[in-house]
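Residues in the sequence shown are numbered from 1 upward in steps of one, following my numbering. So the structure is just underneath, and the comments pick up after that.
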Amino acid sequence: MTVATKILAVDDSPSMRMLLRIALTEHGYDVAEAEDGVAALDWLKANTPDMIITDINMPRMDGFGLIDAVRSDGRHRDRPILVLSTESSEEKKARARAAGATGWIVKPFDPVKLAAAVRRVCH
Numbered sequence: 001m002t003v004a005t006k007i008l009a010v011d012d013s014p015s016m017r018m019l020l021r022i023a024l025t026e027h028g029y030d031v032a033e034a035e036d037g038v039a040a041l042d043w044l045k046a047n048t049p050d051m052i053i054t055d056i057n058m059p060r061m062d063g064f065g066l067i068d069a070v071r072s073d074g075r076h077r078d079r080p081i082l083v084l085s086t087e088s089s090e091e092k093k094a095r096a097r098a099a100g101a102t103g104w105i106v107k108p109f110d111p112v113k114l115a116a117a118v119r120r121v122c123h
């Protein structure tokens, strides 16, 4: 029996977290959810996902802060992080790459392309 790839989906929108959960579980992934960077870091204290998908614009701690925090944590330093955001400016993408993001997907996302991106960075 193989263990499903575990993904932490971080987004302040409950409907976006639901769409991510549906799209990814249909492809056999195990999805955990957090509503912002603070909640994600709390979850990461006790859990180890195979990858993280995060929005950029969130209250309390945005995606850039989350990426910085994850990259500075030895346990999660090499964890793949995909940014999923309505933002698409080169400046924001460059900032996310500089912080340590693995890739960038623009919302609204195509579930098939999202699953393909997850496969690329996790396998």
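Glycine is no exception: its CB is placed at the ideal position from the N, C-alpha and C atoms.
**Simplified DSSP assignment, three categories, for MET134** = In this structure the chain extends from 1 to 123, so residue 134 is not present and cannot be described.
**Prompt:** Whose C-alpha, out of ALA117, ARG95 and PRO14, is nearest the C-alpha of MET58?
**Reply:** Nearest option by C-alpha distance: PRO14.
**Prompt:** What separation, rounded to the nearest whole angstrom, lies between the Cα atoms of LEU24 and LEU66?
**Reply:** 21 angstroms
**Message:** Taking the alpha carbon of CYS122 as the reference point, which residue from MET16, LEU19 and ASP30 has its own alpha carbon closest?
**Reply:** ASP30
**Request:** Look up LEU8 in the DSSP assignment and give the residues it is bridged to.
**Result:** ALA32 and ILE52
**Item:** C-alpha distance - GLY103 paired with LEU84, whole-angstrom precision
**Value:** So the alpha carbons of these two residues sit roughly 9 angstroms apart.
**Item:** Distance between ALA99 and PHE64 (C-alpha atoms, nearest Å)
**Value:** 7 angstroms
**contact_flag[the stretch 80-94, the stretch 45-62] where n(CB pairs < 8 angstroms) is 3 or more** = yes
**Host alpha helix (DSSP H) of GLY63 (start-end)** = 63-72
**Asked** Hey, out of SER89, ARG95 and ARG97, whose CA is closest to VAL138's CA?
**Response** Nothing can be reported for residue 138: it is not among the residues displayed for the chain, which extend from 1 to 123.
**For SER85, the three-state DSSP class (helix, strand or coil)** = strand
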